[in-house]
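Engineer: Residues 1010 to 1122 in my numbering are what the sequence shown spells out, letter by letter. The beta carbon of each residue, even a glycine, is placed where N, CA and C say it ideally should be.
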Amino acid sequence: MADSYKAQNANLIANNKLLREEIPDVMKAFGALGGTAYPDGALSRKYKELLAMAIGIAIRCEGCIAWHVMEARKNGATRAEVAEAIGLAIQMGGGPSAVYGGKALAGYDEFGE
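1) Which of the three DSSP states, helix, strand or coil, is assigned to Ser1106?
2) Can you round the beta-carbon distance between Gly1085 and Lys1112 to whole angstroms, since I take them to be within the 8 Å contact cut?
3) For Val1108, is the classification buried or exposed, using 16 other Cβ atoms within 10 angstroms of its Cβ as the cut-off for buried?
4) When DSSP labels each residue in this structure, what does Cys1070 get in the three-state scheme?
5) Do you know whose CA, among Leu1114, Phe1120 and Asp1118, lies nearest Ala1063's CA?
6) Using only the alpha-carbon positions, how far apart do Leu1021 and Gly1072 sit?
7) Quick check on DSSP: helix, strand or coil for Glu1122?
8) Using the three-state DSSP reduction, which class does Gly1085 fall into: helix, strand or coil?
9) How long is the line joining the alpha carbons of Gly1040 and Gly1103, rounded to whole angstroms?
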């Protein structure tokens, strides 16, 4: 991958800070949505992060993939679970999702370093 996912997440945090300065109400609402969507419920946080990662792969959102693969790993997702979620993203998104899925699996490994 061109940038490591660790570097991408650092950029994402910096860019979100800029957005919070310019459009604080929007970013506060966006943060509140995440705070409501991600806690354990009928689905565990781990599975929600795997879903978000798979959606990020299918829609080709590099920053989404970087963030959610890190969060999936932090919340206990195994490499096999990440790979299986990537398989679903490939089924939904075709060849381009295979490209982004490979990056996501490499990102999972990177966050273990």
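Structural biologist: By the coordinates alone:
1) The residue you call residue 1106 lines up with position 97 of the sequence shown. Residue state, collapsed to three classes: helix.
2) For the purposes of this step, residue 1085 is taken as residue 76 along the sequence shown, with counting starting at 1. For the purposes of this step, residue 1112 is taken as residue 103 along the sequence shown, with counting starting at 1. Rounded, the Cβ-Cβ distance is 21 Å, inconsistent with contact.
3) Walking along the sequence shown from the start, residue 1108 turns up at place 99. Result: exposed.
4) As a first step, residue 1070 must be located in the sequence shown, where it is residue number 61. Reduced to three states, the DSSP call for Cys1070 is coil.
5) Translated into the one-based positions of the sequence shown, residue 1063 becomes position 54. Closest by alpha carbon: Leu1114.
6) Mapped onto the sequence shown, residue 1021 falls at position 12. Mapped onto the sequence shown, residue 1072 falls at position 63. Leu1021 and Gly1072: Cα-Cα distance of roughly 7 Å.
7) Stepping through the sequence shown from its first residue, residue 1122 is reached at position 113. Glu1122: coil per DSSP, three-state reduction.
8) Against the sequence shown, residue 1085 aligns to sequence position 76. It is coil, neither helix nor strand.
9) Taking the sequence shown and counting its residues from 1, the one referred to as residue 1040 is at position 31. Taking the sequence shown and counting its residues from 1, the one referred to as residue 1103 is at position 94. The C-alpha of Gly1040 lies about 31 Å from the C-alpha of Gly1103.
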